[in-house]
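Everything below concerns the one structure shown next.
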Amino acid sequence: MSKKLLSALFGASLAALALSPTAFAADQKLSDFHAESGGCESCHKDGTPSADGAFEFEQCQSCHGSLAEMDAVHKPHDGNLVCADCHAPHDMNVGQKPTCESCHDDGRTPDSILKK
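What follows is the structure in C-alpha cells.
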C-alpha cells in the first residue's frame with residue numbers, strides 16, 4: 000500500500016473515532032450514557048427506581064456480569080456490595096472510578112492488595 004493511502008486511512012480512522020459517541024462519554028453522566036441505550040428502563044423497572052436497589056443491581060449484572068465474574072478488585076466485594084455502593088450512576092461520569100480509599104481508610108490500594 001502506498002504511504003498516501005495509509006495516511007488517508009489513518010486520518011479517516013482518527014476522525015471517525017473523534018466523532019464517535021463514546022469519544023465524548025467522559026463528560027457524560029453514567030445514567031445518561033445508560034439511558035441512551037434504552038431509556039431509564041434500561042436500569043429501572045418501569046423507569047422508576049426500586050426501593051431497595053435490587054432490580055437495578057440485577058440489571059447491572061445482566062450487562063456487565065456479576066462481581067464474582069469481574070476482575071480482582073470486584074471479586075472480594077461479591078456478596079457484600081451492590082454496584083451502586085461504589086458506582087453512583089447519577090453522580091459519576093463515564094470512566095470515573097471509585098478508589099479504595101473512598102471506603103477504606105487503612106491506606107490500601109489495588110496495587111497493595113491484589114496479587115498479580
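For the record, in the sequence shown the residue sitting at position 91 is 90 according to numbering that gives the first Met the number 0, with numbers rising by one throughout.
Quick reminder that beta carbons are idealized off the backbone N, C-alpha and C, glycines included.
By the 16-neighbour rule on beta-carbons within 10 angstroms, C62 is exposed.
Per the C-alpha coordinates, the member of D90, D45 and G52 positioned closest to L80 is G52. Secondary-structure assignment with DSSP links K28 through a beta bridge to N92.
Between Q60 and the set G78, E40, F32 and C82, the nearest pair of CA atoms involves C82. Within the same chain, Cβ atoms closer than 8 angstroms to the Cβ of Q27 are found at N92 and V93, the five residues on either side in sequence being excluded. Taken atom to atom, the span from the alpha-carbon of R107 to that of H76 is near 14 angstroms. Residue burial annotation: H103 is exposed, with fewer than 16 other C-beta atoms found within 10 angstroms of its C-beta.
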